[in-house]
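Q: Just so it is clear: in the sequence shown, position 267 is 269 by our numbering, and no numbers are missing.
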Amino acid sequence: MRRILVTGARGQIGSELVPALVERYGAENIVASDLRLVPGRLSSEGEYEHLDCTQPQQILEVIRRRDVDTVYHLAALLSAVAEERPHAAWSVNMGGLYNVLEAARHYHCRVFFPSSIGAFGPSTPRERTPQITIQRPITMYGVTKVAGELLCDYYAGRFGVDTRGIRLPGLISHVAPPGGGTTDYAVEMFHQAVRYSHYTCFLGPDTCLDMMYMPDAIEAMIELMEVDAARLRHRNAYNVTAMSITPAELAAEIRKHIPDFAIDYEVDPIRQSIANSWPRSLDDAAAREDWGFAPSFDLAAMTKDMLARLSEKTRKLKRD
Ligand code: NAD
Ligand code: AKB
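(1) Note down the Cα distance separating V102 from A195, rounded to an integer number of angstroms.
(2) Under a Cβ-count criterion, where at least 16 other Cβ atoms within 10 Å of its own Cβ denotes burial, should I65 be classed as buried or exposed?
(3) DSSP beta-bridge partners for H52?
(4) Around the Cβ of D322, are there at least 16 other Cβ atoms within 10 angstroms (buried) or fewer (exposed)?
(5) Under 7 Å from any heavy atom of the ligand AKB, does the C-beta of T184 make it?
(6) Within this structure, are the beta carbons of L19 and M223 separated by less than 8 Å?
(7) For F115, which residues does DSSP report across the bridge?
(8) H75 bridges to which residues according to DSSP?
(9) Determine whether the beta carbon atoms of L211 and G182 lie at a separation below 8 Å.
(10) Do the CB positions of A178 and Y143 come within less than 8 Å of each other?
(11) Please list, in chain order, all residues of the same chain as R26 whose beta carbon is under 7 Å from its beta carbon, the five residues on each side excluded.
(12) Check whether the Cβ of P249 sits closer than 7 Å to any heavy atom of the ligand AKB, and report yes or no.
(13) So, for T202: in the same chain, excluding its five sequence neighbours on each side, which residues have a beta-carbon less than 6 Å away from its beta-carbon?
(14) Taking 7 Å as the cut-off, does the CB of I65 come closer than this to any heavy atom belonging to the ligand NAD?
(15) Check H259 in the structure and name its three-state DSSP category.
(16) G172 by DSSP, collapsed to three states: which one?
(17) Start and end of the alpha helix (DSSP H) containing S313?
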């Protein structure tokens, strides 16, 4: 049985990863942690620790005291926030990862590291971006993701730490809001469509980016950490994707369910330039071949499910 620590657990991914881990391994084996204080703990959340990943002693202490053998290291600043606060992004994204890897080396833990499509840059082939290719990102977020991939590989090769990672696309979800990324538009569009039948998008209509529905991302993270290491030709990190879509295509899909949904565009030059430097579609053949990655939700299935769940949430709020 594993004892798992999740850092950054109050964020968009952690809010769904922690309950999934609790369901699979039992609440007594999961320790959620974040910089954010939690007012009350839910049984679906396992144990909770207030933990700042930039503080090495805190990580060491929690891992020792909780007898942790696996860390899902989610704490980070996302692309748009990182561009606004590059120094803080370096400190949290690189400093935090270094501290986690050092603690993992000391206590023989396995580490999951989520890289991103942000680990690529404008000189990367943008269509069907290969698993191994040019990685020269032009954002601080991307710099920390490439350096993070390399650092994880280094700890695996040099110290034998079992590090594994995936390059996640933009994640679409309905449980927790996204934390300040370039792909946040997709989540915002759903919320605004359900509430107001209208959305003003900060990326242009034809900006094509990879996306994935959260249940597929959670499944992929858990699967990758469970697979026999001998099957992994790559460690940090595997390309994964479920759909490559533009804001206009997402709006058209939403309109199939909400016919009066309207979208207009007020392009934010910073986030648009970040998006323009990222791939339009990833080649995830290596993940499919090595550990059986196979997402269940395409654009149509994801849209149907998102709208159903958000509508239910809205009805519940009105009732309460
Ligand atoms: P998020 O911004 O929603 O959550 C990050 C969490 O980290 C927050 O709860 C925040 O309080 C916490 N945090 C910030 N600084 C911290 C610190 N010093 N110590 C401890 N916790 C701290 O992010 P997310 O979307 O859940 O992403 C998690 C990871 O997945 C990140 O590494 C991100 O780069 C990566 N990722 C996310 C996406 C996506 O679309 N959500 C896509 C690709 C990669
Ligand atoms: C962001 O937009 O910053 C994230 C990501 C794709 O890494 N959602």
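C-beta: ideal position from N, C-alpha, C; glycine also.
A: Taking the coordinates as given:
(1) Their backbone Cα atoms lie some 39 Å apart in a straight line.
(2) buried
(3) Answer is D36, bridged to H52.
(4) A residue is called buried once 16 or more other Cβ atoms fall within 10 Å of its Cβ, and D322, having fewer, is exposed.
(5) yes
(6) Yes, these two residues count as a Cβ contact at 8 Å.
(7) G167
(8) T9
(9) no
(10) Inclusion of A178 and Y143 in the CB contact set at 8 Å is not warranted, their separation being larger than that value.
(11) I224
(12) no
(13) D266 and E268
(14) no
(15) coil
(16) Taken through DSSP and simplified to helix, strand or coil, G172 comes out as strand.
(17) L301 to R321
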